[in-house]
Amino acid sequence: MKLPAHAVSVDIDVPFHDCDPLFVVWHGRYFEYLEAGRTALMRSCDLDVPVIRQMGYRMFIADVRCRYTYPLSYGDTARVTAWVLERTPLIRVAYVVQNLTQGRRSARATTVLATTDGQGRLIPETPREIVERMPQP
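Note that the sequence shown covers residues 87 to 223 in the working numbering.
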C-alpha cells in the first residue's frame, strides 16, 4: 500500500494490560492506538489540542470504522500510520495498523472529526484556519 507523503507513523509496544485472557489485544484498545496516530498527525500540522482550543475550537470524533485483519498480541510492536483523506466539510483520517513483529497488517480504519466552537455548537464545515494547516489529501 502506497502511503501519502504526509502520513505520520507511531510505534507502540503492546502492553500486557491491553490484552484479553488469550493475550490478544482487546478490540476496543485499537481506538486508543488510532488516537495515538491521529495525535501524531495533528501535531505534525501544528494542530495539537491546546492549539485548537486556543483558536477557540473543539474537535470530536463523529464516526469511526475499524476493520480487523490480523491480531496483535502481548509483546508485539504495532505501527499506526495516519493520514488525511478529507479536510472539508469534515476531517476524515485514514489509518493502517501494522503488526511489525509478524509482518502483517492488523487493521485499517477511518475516523471523521467534527469541529465545534468553544461553547460546543457544531460548525458545519472545518474552519479555514484549520484547513490551511492540514496537508492536501
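Ideal Cβ placement from N, Cα and C applies to all residues, glycine included.
Because the structure is a prediction, the values reported are computed rather than measured.
For the putative contact between residue i and residue j, defined by C-beta atoms under 8 Å, what is the C-beta separation to the nearest angstrom?
i           : j           : result
residue 171 : residue 180 : 5 Å
When you compare only the Cα positions, how much space is there between residue i and residue j?
i           : j           : result
residue 219 : residue 162 : 34 Å
residue 140 : residue 202 : 13 Å
residue 205 : residue 90  : 35 Å
residue 190 : residue 164 : 10 Å
residue 119 : residue 105 : 13 Å
residue 124 : residue 221 : 14 Å
When burial is assigned at 16 or more other CB atoms within 10 Å of the CB, is residue i buried or exposed?
i           : result
residue 184 : buried
residue 169 : buried
residue 197 : buried
residue 142 : exposed
residue 114 : exposed
residue 129 : exposed
residue 214 : exposed
Compare the beta carbon distance of residue i and residue j with 8 Å and say whether it is the shorter of the two.
i           : j           : result
residue 153 : residue 193 : yes
residue 195 : residue 148 : no
residue 109 : residue 150 : no
residue 87  : residue 166 : no
residue 111 : residue 100 : yes
residue 223 : residue 173 : yes
residue 133 : residue 216 : yes
residue 122 : residue 98  : yes
Compute every distance between the C-beta of residue i and the non-hydrogen atoms of the ligand HEM, then say whether any falls below 7 Å.
i           : result
residue 212 : For the structure depicted, the ligand HEM is absent and the ligand set is empty, with no information on it obtainable.
*Quick one: any contact between the segment 149-164 and the segment 206-214, if contact means 3 or more CB pairs under 8 Å?*
The segment 149-164, when compared against the segment 206-214, does not touch it at the 8 Å Cβ threshold.
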